[in-house]
Amino acid sequence: MAQPTKRILPPLLEESTFDKVLDKLSEIVGEPNVSRNHLYGNLKGPQGQNCYDDLWPLGNPTDHTPSGAVRPKTVNEIQQVLRIANEYKLPLWTVSRGRNLGYGGSGAIVSGSVILDLHRMNKIIEVNEEFAYAIVEPGVSFFDLYEHIQDRGYRLWPSCPALGWGSIVGNTLDRGFGYTPNGEHAEQQCGMEVVLATGEVLRTGMGALSGSPMWALYKGGYGPSVDGLFYQSNLGVVTKIGIHLTPAPACFMDCVVSVPNEEDIGALVRIMSALEREGIVQNHASIANPYRQALSSEDPLVIGRAVGPGIKGGYATNADMTKLAKEQGWGYWKAHFAIYGASGAFIDACWTIVQERFAAIPGAAATAERHEHKLGGRLNAADLPMGEIPHTGYPRLTAKDFVDIRGAKGGHIAFSPLFPPDGKQLQEWFARIRPLVEKAGFDLFSDFHIFGRYIIGIVLVVYTPAEAARAKSLFDELLKDGLERSSVSEYRTHIHFMDEVRRHYDWGHGILHRTLGSIKKTLDPNGILSQGKSGIWTSSRPLTEAIGNTRL
17 MAQPTKRILP
27 PLLEESTFDK
37 VLDKLSEIVG
47 EPNVSRNHLY
57 GNLKGPQGQN
67 CYDDLWPLGN
77 PTDHTPSGAV
87 RPKTVNEIQQ
97 VLRIANEYKL
107 PLWTVSRGRN
117 LGYGGSGAIV
127 SGSVILDLHR
137 MNKIIEVNEE
147 FAYAIVEPGV
157 SFFDLYEHIQ
167 DRGYRLWPSC
177 PALGWGSIVG
187 NTLDRGFGYT
197 PNGEHAEQQC
207 GMEVVLATGE
217 VLRTGMGALS
227 GSPMWALYKG
237 GYGPSVDGLF
247 YQSNLGVVTK
257 IGIHLTPAPA
267 CFMDCVVSVP
277 NEEDIGALVR
287 IMSALEREGI
297 VQNHASIANP
307 YRQALSSEDP
317 LVIGRAVGPG
327 IKGGYATNAD
337 MTKLAKEQGW
347 GYWKAHFAIY
357 GASGAFIDAC
367 WTIVQERFAA
377 IPGAAATAER
387 HEHKLGGRLN
397 AADLPMGEIP
407 HTGYPRLTAK
417 DFVDIRGAKG
427 GHIAFSPLFP
437 PDGKQLQEWF
447 ARIRPLVEKA
457 GFDLFSDFHI
467 FGRYIIGIVL
477 VVYTPAEAAR
487 AKSLFDELLK
497 DGLERSSVSE
507 YRTHIHFMDE
517 VRRHYDWGHG
527 ILHRTLGSIK
537 KTLDPNGILS
547 QGKSGIWTSS
557 RPLTEAIGNT
567 RL
């Protein structure tokens, strides 16, 4: 990442005024917890960086570069920081741990924003084994919660995504997901504490009832529910959430179903989603194409077949990857999922149904690895094989190695559209976008996630710094193709594309986002919190347009 040669400043603030603001922030949190530029203070990134920024910029390198950062430890410190921000109209950009790789990292939509970094707020407030929930602050990572549970011997499997170093709060608020039966994190969130831009503290649901033990048990509370206003949002600073966990099962089966042909994706998805809706499969299935399967191989020669062309500036063609899959005895598509239960008889019965259903696809192959507690107790995730995907909630960092498969200092961007679960639209879309990705000169990394009532069809575009402009052009084309030909758009997106994706949600002449804009103006009239997040601005005209390019 190219570093700017001059100091980045917040919009509309002179350098002397900004220094005065930083001095005041230092009085609140201590000088070691203030970064006076974006170059230091962040948690160490995937390639050793500790700067605040989009590590893999798609446009001008300083489009999303912050001016500095402040790292509060308590709610009271956040309130004081917000008071200063309101006084000086200082734009903040909130991050929990600053990961969010593939979606902009710790960069801000408004260049020159000060990062409100919550990673020091790392308390695990409560873990309740009997009722299977936890209450955590934003700095708590998936590793932290897993290790806390292991250290105390709790019979719980917390969900985690592909990379365990991220924030539970941050991932949940961006509607991220994991791989246990409680893997839809936004659905498992129950109770939330939020500091509003005014400094007032709000507790949602049963948290609004003083002394209630129900905060992390019943989400609804009394009257309108407002939790959803703080997902993918800039309406407040979330400082605690309750999250439901999976009780450790007595029996567990790690399952794989492969189908031989590219065109089998429709049938695979249709059967898989039905099994999930019926509760026969309790978590969601992750589906990999041959390129992704090759990257997960333990054979370096197989990995080399996949990544070799990209290292030379080319790409692995679909024809070559199809050939590799046949040579290795893989299907074109591999669905990876799990079955969980209180008895061996239960998971065996479920597995029999899975096999019977997939027998309808010619050439389908089903395999499973079964685990049962010998003494009738509950399984400990630490005693089981780690596996390729964290179906037991055992966090890992292996997926971060993918970013360098095309060369040093590589990055990635995730195109994340939604589809219905019948498989037909996904199949038609994939047949269209595969040649688009190849034409752009990139490897096709398919990472599809099949839930009971929807599909997230992620295409991961891995690129080197020299390929960033080409990656952006491909992303633009994927957005346009999905919207114009399938009425498809993303469920979350990179900060560079948030205004564009907001425009996709246009029913009723954009009434949804006009309403959100009105709420934003009411709750944050000075526009200090994460301006532009999800296309939501305090003013009708984005600040970046109103002031032009941020000064260097």
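Residue numbering for the sequence shown follows our numbering, beginning at 17 and increasing consecutively.
Cβ atoms here follow ideal geometry from the backbone N, Cα and C, with glycine treated the same way.
Since this is a predicted model, take the numbers as computed values, not measurements.
Can you name the residues that DSSP bridges to R219?
Here residue 219 corresponds to residue number 203 of the sequence shown, with the count starting at 1. Answer by DSSP bridge pairing, in chain order: E209.
Own chain residues within Cβ distance below 6 Å of F579, not counting five before or after
The chain is shown only over 17 to 568; residue 579 falls outside these bounds and no answer can be derived.
P174 versus L117, A101, L161, G186, residue with shortest Cα-Cα distance
One-based indexing of the sequence shown puts residue 174 at position 158. Checked all of L117, A101, L161, G186; the closest Cα to P174 is L161.
Using the C-alpha atoms, what's the distance from T480 back to L576?
Residue numbering for the chain in the displayed model covers 17 to 568; residue 576 lies beyond these limits and cannot be assessed.
Starting from the N-terminal side, write out each stretch of the alpha helix (DSSP H) that is 4 residues or longer and does not extend beyond the stretch 143–205.
158–168, 184–189, 201–204
Closer than 8 Å: is that where the CB of A85 sits relative to any heavy atom of the ligand PLP?
Of the ligands one can find in the structure shown there are none, so the ligand PLP has no counterpart to examine.
Starting from S302, trace the beta strand (DSSP E) in both directions and tell me its first and last residue.
To locate residue 302, count along the sequence shown from 1; it is residue 286. For S302, the uninterrupted beta strand (DSSP E) run begins and ends at 301–304, by DSSP.
Give the range of the beta strand (DSSP E) segment to which M269 is assigned.
Here residue 269 corresponds to residue number 253 of the sequence shown, with the count starting at 1. Counting along the chain, the beta strand (DSSP E) containing M269 begins and ends at 267–275.
Give me the Cβ distance between G439 and L284, rounded to the nearest whole Å; I'm assuming they're in contact under 8 Å.
Numbered from 1 along the sequence shown, position 423 holds the residue referred to as residue 439. Numbered from 1 along the sequence shown, position 268 holds the residue referred to as residue 284. Indeed, because the Cβ distance is near 7 Å, the residues count as touching under 8 Å.
Within 9 Å, strictly: CB atoms of I466 and F374
As a position in the sequence shown, residue 466 is number 450, starting the count at 1. As a position in the sequence shown, residue 374 is number 358, starting the count at 1. No; because the gap between Cβ atoms is not below 9 Å, this pair is not in contact.
Return the residue from the list S157, N92, G186 that minimises the CA-CA distance to W109.
Sequence index remark: in the sequence shown, residue 109 carries index 93 (1-based). The shortest C-alpha separation from W109 is found at G186.
Is the distance from the Cβ of L134 to the Cβ of E163 below 9 Å?
Taking the first residue of the sequence shown as position 1, residue 134 is located at position 118. Taking the first residue of the sequence shown as position 1, residue 163 is located at position 147. Not in contact: L134 and E163 (Cβ atoms no closer than 9 Å).
Continuous alpha helix (DSSP H) assignments of at least 4 residues falling wholly in the stretch 299–365
306–311, 316–327, 334–344
Tell me whether I24 sits in a helix, a strand or coil according to DSSP, three-state version.
Residue mapping note: residue 24 aligns to position 8 of the sequence shown, counting from 1. Coil.
Beta carbon of K571, beta carbon of V272: below 9 Å?
No statement about residue 571 is possible, as the shown extent of the chain runs from 17 to 568 and does not include it.
Is Y68 helix, strand or coil by DSSP?
Mapped onto the sequence shown, residue 68 falls at position 52. Correct three-state label for Y68: coil.
According to DSSP, is I141 helix, strand or coil?
Translated into positions along the sequence shown, residue 141 becomes position 125. Here I141 sits in strand by DSSP.
Does the distance from the C-beta atom of A224 to that of G258 stay below 9 Å?
Counting from 1 along the sequence shown, the entry for residue 224 is found at position 208. Counting from 1 along the sequence shown, the entry for residue 258 is found at position 242. No. Outside cutoff.
CA-to-CA distance, R450 to S503, given in whole angstroms:
Reading the sequence shown from its first residue, position 487 is the one you call residue 503. Reading the sequence shown from its first residue, position 434 is the one you call residue 450. Taking the straight line joining both Cα atoms gives about 18 Å.
In the DSSP assignment, what are the bridge partners of T110?
The count along the sequence shown starts at 1 and reaches residue 110 at position 94. In the DSSP output, where bridge partners are listed per residue, T110 has L132.
First and last residue of the alpha helix (DSSP H) that includes G526?
Counting from 1 along the sequence shown, the entry for residue 526 is found at position 510. From DSSP, the alpha helix (DSSP H) with G526 extends over 523–539.
Please state the DSSP three-state secondary structure of R508.
In the sequence shown, the residue the question calls residue 508 occupies position 492. If DSSP states are grouped into helix, strand and coil, R508 belongs with coil.
In whole angstroms, what is the alpha-carbon distance linking S42 and M230?
Translated into positions along the sequence shown, residue 42 becomes position 26. Translated into positions along the sequence shown, residue 230 becomes position 214. The straight-line gap from Cα to Cα measures roughly 37 Å.
Range covered by the alpha helix (DSSP H) that runs through Y104:
Walking along the sequence shown from the start, residue 104 turns up at place 88. Counting along the chain, the alpha helix (DSSP H) containing Y104 begins and ends at 91–104.
Segment limits, alpha helix (DSSP H) that includes G498:
For the purposes of this step, residue 498 is identified with residue 482 of the sequence shown, where counting begins at 1. Here the alpha helix (DSSP H) through G498 covers 484–502.
On the premise that V419 lies in contact with P62, defined as a C-beta separation below 8 Å, what is that separation, rounded to the nearest angstrom?
Within the sequence shown, residue 62 is the residue found at index 46, counting from 1. Within the sequence shown, residue 419 is the residue found at index 403, counting from 1. Contact holds; Cβ gap of about 6 Å.
Using three-state DSSP, classify T554 as helix, strand or coil.
Within the sequence shown, numbered from 1, the residue matching residue 554 stands at position 538. Correct three-state label for T554: coil.
Please report the residue range of the beta strand (DSSP E) in which R386 lies.
As a first step, residue 386 must be located in the sequence shown, where it is residue number 370. DSSP places R386 in the uninterrupted beta strand (DSSP E) bounded by 381–388.
Using C-beta distances below 6 Å, list every residue in its chain close to K235, excluding the 5 sequence neighbours before and after it, in chain order.
Looking up residue 235 in the sequence shown gives position 219. Excluding sequence neighbours, K235 sits near C206, G221.
Does the beta-carbon of W445 have 16 or more other beta-carbons within 10 angstroms, so that it is buried, or is it exposed?
As a first step, residue 445 is located in the sequence shown; it is residue number 429 there, counting from the start. A buried status is given to W445, since no fewer than 16 other beta-carbon atoms sit within 10 Å of its beta-carbon.
Would DSSP call T214 helix, strand or coil?
As a working note, residue 214 is residue 198 in the sequence shown. The three-state reading of DSSP puts T214 in coil, since its state is none of H, G, I, E or B.
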